[in-house]
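A.B. asks:
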Amino acid sequence: MTLAEKIQHLYKQANDADPNEARTVFATLRRELSAGHVRAAEPDTSTDTGWRVNTWVKEGILVGFRCGAITTFPSANNNSPYLDKDTLPLKPLSSNSNIRIAPGGSSVRDGAFLGAGVICMPPMYINIGAYVGDGSLIDSHALVGSCAQVGQRVHVSAAAQIGGVLEPVGALPVIVEDDVLVGGNTGLYEGAVVKCRAVIAAGTVLTGSTPIYDLPNERIIKPAQGHPTVVPEGAVVVPGGRTVRTGVGADWGLSLATPVIVKYRDDRTDTKTELEAWLR
25 MTLAEKIQHL
35 YKQANDADPN
45 EARTVFATLR
55 RELSAGHVRA
65 AEPDTSTDTG
75 WRVNTWVKEG
85 ILVGFRCGAI
95 TTFPSANNNS
105 PYLDKDTLPL
115 KPLSSNSNIR
125 IAPGGSSVRD
135 GAFLGAGVIC
145 MPPMYINIGA
155 YVGDGSLIDS
165 HALVGSCAQV
175 GQRVHVSAAA
185 QIGGVLEPVG
195 ALPVIVEDDV
205 LVGGNTGLYE
215 GAVVKCRAVI
225 AAGTVLTGST
235 PIYDLPNERI
245 IKPAQGHPTV
255 VPEGAVVVPG
265 GRTVRTGVGA
275 DWGLSLATPV
285 IVKYRDDRTD
295 TKTELEAWLR
């Protein structure tokens, strides 16, 4: 049986699965995820989003949660031990990992992939199943959630939250493609897809079902049936508002938060983002 077939079998067995077999299979999956040999989602030009979810990988992570037992893990200084499933240790890292993790409370779970030259500023957290491509920066207080896929040369700014999507297992995780700038205090959740070179301005919140108002093209981008919202390549997205025009909302002068594309990336935008690369 292939690794995928073993995982699918264990997942269907649920709590009746043999715990020793489940642990062995899950340990193999963790190693493959950590090495980047398998991914929770991968590019697929035949789909509307350009990505395909590998359901069996997410099923395998859930198997790992099920078969684990709570244990005490020591901290680096032994002053603040933590409690977690014994199947979910931290990722082993060394100077040969070709990444930077500055001191100050960051954590990367085993089963996450970090490409060459990734920089992690404290404190930040990268969960199992996440994929962070070469040369990306995960800034302070940022989260890369379970199974989230972050491309190459991406800047995930301070306090940005890239949410995890484990269930439903068939749902696409959050996708951030190459050369994207994710501004501070942004939130990307529920399988939102951000295409190459987009800029998500500070404070913008996107979910898989959020409509986006595209001013340059005079259109509203809405998710297709069964698919998440997709931010177009090179779009510059900022927090905006939409006036409530009916009912008591209009009487009270309320408006609803909504993301707005104000322009598409140009030379001036590129100059600002190139400064980030120079600083790194």
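Read in my numbering, the sequence shown has 108 at position 84, and its numbers run on one by one without any break.
Using N, Cα and C, we set each Cβ at its ideal position, and we do this for glycine too.
Note that the structure is predicted; figures quoted are calculated from it, not measured.
#1: Going along the chain, which unbroken runs of the alpha helix (DSSP H) with 4 or more residues stay wholly within the segment 140-212?
#2: Answer yes if the segment 80-94 comes into contact with the segment 216-223, meaning at least three C-beta pairs across the two stretches below 8 Å, and no otherwise.
#3: Taking a contact to mean a Cβ-Cβ separation below 8 Å, would you say leucine 27 touches threonine 52 in this structure?
#4: Could you tell me which whole beta strand (DSSP E) segments of length 3 or greater appear in the segment 209-257?
#5: In terms of residues, what are the limits of the beta strand (DSSP E) holding proline 263?
#6: Assess contact between the segment 122-131 and the segment 77-91, defined as three or more Cβ pairs (one per stretch) separated by less than 8 Å. Is contact present?
#7: Can you grab the Cα-Cα spacing for the pair leucine 161 / proline 113, in whole Å?
#8: Considering only their Cβ atoms, is the gap separating serine 170 from glycine 188 smaller than 8 Å?
#9: Count the other CB atoms within 10 Å of the CB of aspartate 290; is the residue buried (16 or more) or exposed (fewer)?
#10: How is serine 118 classed by DSSP in three states: helix, strand or coil?
#11: What separation, rounded to the nearest whole angstrom, lies between the Cα atoms of glycine 265 and valine 284?
#12: Quick one: what's got a C-beta closer than 7 Å to alanine 105's C-beta in the same chain, skipping five residues either side?
#13: Going straight from the alpha carbon of arginine 269 to that of glutamate 191, what length do you get?
#14: Ignore the nearest five residues each way along the sequence and tell me which others in proline 247's own chain have a CB closer than 7 Å to its CB.
#15: List the whole-angstrom C-beta distance separating tyrosine 213 from glycine 60, where the pair is believed to meet the contact cut-off of C-beta under 8 Å.
#16: What residue range does the beta strand (DSSP E) around tryptophan 75 cover?
#17: If you run the structure through DSSP and keep just helix, strand and coil, what is alanine 107?
#18: Would you tell me roughly how many angstroms separate the C-alpha atoms of leucine 299 and glycine 139, rounded to the nearest one?
#19: Applying the 10 Å Cβ sphere with the 16-neighbour rule, what's the burial state of leucine 107?
#20: Which value, in whole angstroms, describes the spacing of the CA atoms of arginine 243 and glutamate 201?
#21: Between leucine 239 and alanine 65, what straight-line distance do the alpha-carbon atoms span, to the nearest angstrom?
#22: For glutamine 176, I'd like the list of residues in its chain whose CB is within less than 8 Å of its CB, leaving aside the five on either flank, ordered along the chain.
#23: In the DSSP output, what is isoleucine 285 paired with across the bridge?
#24: Distance, Cα to Cα, isoleucine 85 vs serine 119?
#25: Do valine 260 and valine 223 come within 8 Å of each other at the CB atom, strictly closer than that value?
#26: How many Å lie between asparagine 44 and threonine 267 at the Cα?
#27: Identify, in the order they occur along the chain, each residue of the same chain with its Cβ nearer than 6 Å to the Cβ of alanine 226, setting aside the five sequence neighbours on each side.
#28: So glycine 135 packs on arginine 54, CB below 8 Å; how close in whole Å?
#29: Is threonine 228 closer than 8 Å to proline 256 when the C-beta atoms are compared?
C.D. replies: With the given structure in hand:
#1: none
#2: no
#3: yes
#4: 236-238, 243-245
#5: 259-267
#6: no
#7: 23 Å
#8: yes
#9: exposed
#10: coil
#11: 8 Å
#12: Note that residue 105 corresponds to proline in the displayed sequence, not to alanine. So the list reads Thr96, Phe97, Pro98, Ser99, once near-sequence residues are dropped.
#13: 36 Å
#14: Gly232, Ser233, Thr253
#15: So it is not a contact: roughly 24 Å between Cβ atoms.
#16: 75-77
#17: In the sequence as displayed, the identity of residue 107 is leucine instead of alanine. The answer is strand: DSSP assigns leucine 107 an E or B state.
#18: A caution first: leucine 299 carries a pLDDT of 47, below 50, which makes its placement in the model unreliable, though a value can still be read off. Their backbone Cα atoms lie some 21 Å apart in a straight line.
#19: exposed
#20: 23 Å
#21: 31 Å
#22: Gly139, Gly157, Asp158, Gly159, Ser160, Asp202, Asp203
#23: Asp238, Val261
#24: 27 Å
#25: yes
#26: 57 Å
#27: Gly207, Gly208, Asn209
#28: 4 Å
#29: no
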